[in-house]
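Engineer: Below are the structure tokens for one structure; questions will follow.
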Amino acid sequence: MIASPESMRGAACARPENQDLPWIGEDASPLARALMARVCASCPILATCALEAATTTTTAGFWAGHDRTTWREPTTVQDTLPGLELGTAA
Ligand code: SF4
Numbered sequence: 034m035i036a037s038p039e040s041m042r043g044a045a046c047a048r049p050e051n052q053d054l055p056w057i058g059e060d061a062s063p064l065a066r067a068l069m070a071r072v073c074a075s076c077p078i079l080a081t082c083a084l085e086a087a088t089t090t091t092t093a094g095f096w097a098g099h100d101r102t103t104w105r106e107p108t109t110v111q112d113t114l115p116g117l118e119l120g121t122a123a
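Under this note's numbering, residue 123 is the last one in the sequence shown; the count climbs by one each step, no gaps.
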């Protein structure tokens, strides 16, 4: 989840219907992580979020289809939704 309000513009996780998911929680259930991965897969700023996650020291939360919580195995969109191919954002 992108922290900057300017960068959040268009973020699927900021939509009202997705705000109840535990984006910054450290104890998200497998179902919640699967739901967040599904939201990320359709997010219009997925590439921006992935870049920010890769260039920021993050140790918790769900970013760009990945659970960044350091004490848990990473979960990716591909792990959660086998067969789903991510395209590159334009
Ligand atoms: S890719 Fe996922 S975590 Fe990142 S802004 Fe989009 S919905 Fe939020």
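Where is the CB? At the ideal position from N, CA and C, for every residue including glycine.
#1: Counting pairs of beta carbons, one from the segment 53-66 and one from the segment 79-89, are three or more of them closer than 8 Å?
#2: If you draw a straight line from the alpha carbon of Ala-93 to that of His-99, how long is it in whole angstroms?
#3: Report yes if the C-beta of Ala-44 is less than 6 Å from at least one heavy atom of the ligand SF4; otherwise report no.
#4: From which residue to which residue does the alpha helix (DSSP H) around Thr-88 run?
#5: Quick one: is the Cβ of Ala-65 within less than 6 Å of any heavy atom of the ligand SF4?
#6: Looking only at C-alpha atoms, which of Ala-80, Thr-90, Ile-78, Gln-52 sits nearest to Leu-2?
#7: Compute the minimum distance between the beta carbon of Leu-79 and the heavy atoms of the ligand SF4, and state whether it is under 6 Å.
Structural biologist: The answer reads as follows:
#1: Verdict: no, contact absent.
#2: Position 60 of the sequence shown, counting from 1, holds the residue named residue 93. Position 66 of the sequence shown, counting from 1, holds the residue named residue 99. Ala-93 and His-99 have their C-alpha atoms spaced approximately 10 Å apart.
#3: Counting from 1 along the sequence shown, the entry for residue 44 is found at position 11. Between the ligand SF4 and the CB of Ala-44, the shortest heavy atom gap is smaller than 6 Å.
#4: Looking up residue 88 in the sequence shown gives position 55. Where Thr-88 is concerned, the enclosing alpha helix (DSSP H) stretches over 79-88.
#5: For this step, residue 65 is matched to residue 32 along the sequence shown. Checking the Cβ of Ala-65 against the ligand SF4 gives no.
#6: Nothing about residue 2 can be read from this structure; the chain reaches only from 34 to 123.
#7: Locating residue 79 in the sequence shown gives position 46, counting from the first residue. Correct: Leu-79 has its Cβ closer than 6 Å to the ligand SF4.
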